[in-house]
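Student: This is the structure I want to talk about, given as structure tokens.
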Amino acid sequence: MTVNSSRFGELEVPDEAVLDFPEGMIGVGGSRFALLTREENGAFKWLQEMTQEDLALPVTDPFQFFPDYEVVLSDEEAQRIGITDPAQADVLVVVRADEDPGQVSANLLAPILVAAGVGHQVLNEAGWAPLREPLLSGGRQEVAAG
Amino acid sequence: MLTISRRAGERILIGDGIVIEVVEVSGGSVRLGITAPKELRIYREELWERVKAENEAAARADFSAPAVPPDPA
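Sequence lines, in order, name chains A and B. Going letter by letter, the first sequence gives residues -7 to 138 in my numbering. Going letter by letter, the second sequence gives residues 7 to 79 in my numbering.
Given below as structure tokens:
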């Protein structure tokens, strides 16, 4: 399958790398995204929308950076997406790059769950789920009260 | 925008599938109970706005910055 990307140009992607996102990404839409690996064994991948060439989000495996990270879904959300246990899904988080490496952050509030070729960006109900956690912080500094 | 006055315990029906109930009115805040088809996503607006802004920023951010090694190709 061919996808045009304003970041990467024209790419050929295998069918199995294309994921359906029935509701798109929160606030920015999209419906099918190719999970692109740009570097073998690299920490980052990209979710490139198949028809919106300027919509590509860098993502990473949160557990590699934040071993204590947890995803907790509300019952409604779990039922809606058909994933009752986040452990059944692959978890990705969106990375926000920055010129200052210390400012590169991961969105732990709205992780992306992928199961059986279908992805959903969800709101994480866990007590520790910051919107912008520095990637290199190594995890929680303090446990949020309540 | 349609505005409707309701008291605690009263409901509003939207179409056939959505019911919004005023559960409690207290001080400056209102607790709402929402029943809707499960495929509908329901968000607090400010949370949705923050995630939207973060997704947009992530899609825009210059990833060739030294924070991440450039693509070897």
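Each residue gets a CB set at the ideal place from its N, CA and C atoms; glycine is no exception.
I need the straight-line Cα distance from V36/B to E27/B, nearest angstrom please.
Tutor: 10 Å
Student: Which chain A residues sit within Cβ distance under 7 Å of R56/B?
Tutor: L123
Student: Rounded to whole angstroms, what is the Cα-Cα separation between L39/A and A81/A?
Tutor: 16 Å
Student: Hey, out of A48/A, R(-1)/A and L127/A, whose CA is closest to D90/A's CA?
Tutor: L127/A
Student: Within 8 Å of any Cβ in chain B, is that where the Cβ of A118/A sits?
Tutor: no
Student: May I ask you to list, following chain order, the residues of the segment 48 to 67 of chain A that have a beta carbon less than 8 Å from some beta carbon of chain B?
Tutor: A48, L49 and P50
Student: Indicate the three-state DSSP secondary structure (helix, strand or coil) for L53/B in the structure shown.
Tutor: helix
Student: Could you work out which residue in W120/A, V114/A and D53/A is closest to M17/A when comparing CA atoms only?
Tutor: The residue with the shortest Cα to Cα distance from M17/A is V114/A.
Student: May I ask you to report which of helix, strand or coil DSSP gives L38/B?
Tutor: Annotated three-state conformation of L38/B is strand, per DSSP.
Student: Going by DSSP in three states, P6/A sits in which element: helix, strand or coil?
Tutor: The three-state reading of DSSP puts P6/A in coil, since its state is none of H, G, I, E or B.
Student: When the Cα atoms are used, what is the spatial distance from E32/A to L65/A?
Tutor: 31 Å
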